Structure formats: structure tokens, C-alpha cells
Amino acid sequence: LRTKAVVPVLLGASIPRNDRSEEEYKRYCRTMLLLFTSWCSFTELKGEHTTWHEAFEAYEFSPELQSIINNMNVENECKDARDMHAAKVHEKCARPYMFGSAANNGDAENEDVSVFDEAIFADASL
């Protein structure tokens with residue numbers, strides 16, 4: 001068993017998402033069953049259910065596995081946020097935040113670095 005917490009990152013094609021189209025949700029259900037259940041054949045994996053969605057909803061995952069499954073989209077959500085911010089920066093709706101005199105280029109928005117330093121040193125959690 002691991003003594004340190006880790007975040008696995010799967011390589012290859014991205015994991016289907018559960019918050020997109022109906023077709024992608026079907027692929028998501030199939031993928032979660034493939035990853036988190038014991039099986040030897042697709043028939044055994046799907047059971048008596050006619051759809052992957054039904055099989056996924058009927059399967060009782062342990063609380064630990066359910067927690068992992070619920071967190072599978074976190075990486076995708078972070079990438080979505082990154083992409084949205086990049087699009088805003090590209091559209092000049094938002095600017096990347098930079099510290100230091102080289103970043104200010106004489107703008108009227110000069111940063112008070114000493115105030116920033118005081119805030120950092122005052123809060124040890126930063």
C-alpha cells in the first residue's frame with residue numbers, strides 16, 4: 001500500500017465525460033465499468049442490462065470506488081477552466097497577472113510589491 005497520496009494520470013485517449021452528450025455518457029458508463037469492476041467478458045460486464053447506462057446505474061460500487069469515480073472529471077474540469085481563461089486572454093477580456101517591474105511596463109497599474117510581500121509573509125499557509 002502507498003504511504004503517500006498520489007493522483008494517477010491515465011495516458012492515452014481521454015476518459016469520456018459524464019456531463020456531455022448522451023453518447024459520451026454511454027461511453028463514460030462503459031469505461032467506469034471496465035475500470036472499476038471485475039469481469040472476464042463483455043456479457044459478464046454488462047449483465048442482463050440492455051444498455052451500459054443501465055448496467056452502470058445498477059452496479060453497487062464501494063464508497064471508496066464511488067469517491068474515485070466522482071473525482072474522475074476533476075482533471076477535465078481544470079483543463080476546461082484553463083482553456084476558458086486562455087480564450088479570455090486571447091480575446092483581451094482578461095490579462096494574465098504578472099508581478100514585478102518588468103511586467104508593469106510603466107502602466108498606471110503599478111503593483112505595490114511590498115504590500116504583496118507583507119501579505120505573503122503574514123499568511124503562512126501561502
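With the numbering used here, letter number 45 in the sequence shown gets 45, and the count goes up by one each step, no holes. C-beta atoms are modelled at their ideal positions from N, C-alpha and C, and glycine is treated no differently. Computed from a predicted structure; not experimentally measured.
Report the option in the options whose CA atom is closest to the CA atom of residue i.
{"i": "Glu75", "options": "Glu60, Arg17, Glu57, Lys4", "result": "Arg17"}
{"i": "Leu65", "options": "Met32, Glu44, Lys79", "result": "Met32"}
{"i": "Val9", "options": "Glu91, Ala81, Ile68, Arg82", "result": "Ile68"}
Excluding the 5 residues preceding and the 5 following residue i in the sequence, name in chain order all residues of the same chain whose CB lies nearer than 6 Å to its CB.
{"i": "Gly47", "result": "Ala55"}
{"i": "Asp107", "result": "In this prediction, Asp107 has a pLDDT of 49, which is less than 50 and means its spatial position is unreliable; nothing more can be read from the coordinates."}
Assign residue i to buried or exposed, taking buried as 16 or more other Cβ atoms, counted over all protein chains shown, within 10 Å of its Cβ.
{"i": "Arg20", "result": "exposed"}
{"i": "Cys29", "result": "buried"}
Can you check whether the CB of residue j is closer than 8 Å to the CB of residue i?
{"i": "His49", "j": "Tyr25", "result": "no"}
{"i": "Met72", "j": "Ile15", "result": "yes"}
Here's a check: name, in chain order, each residue in its chain whose Cβ is nearer than 7 Å to the Cβ of residue i, leaving out the five neighbours to either side.
{"i": "Glu23", "result": "none"}
{"i": "Val7", "result": "none"}
Quick one: what's got a C-beta closer than 8 Å to residue i's C-beta in the same chain, skipping five residues either side?
{"i": "Leu45", "result": "Leu33, Leu34, Thr37, Trp39, Ala55"}
{"i": "Thr3", "result": "none"}
Cβ contact (3+ pairs, closer than 8 Å) linking the stretch 28-44 and the stretch 55-62: yes
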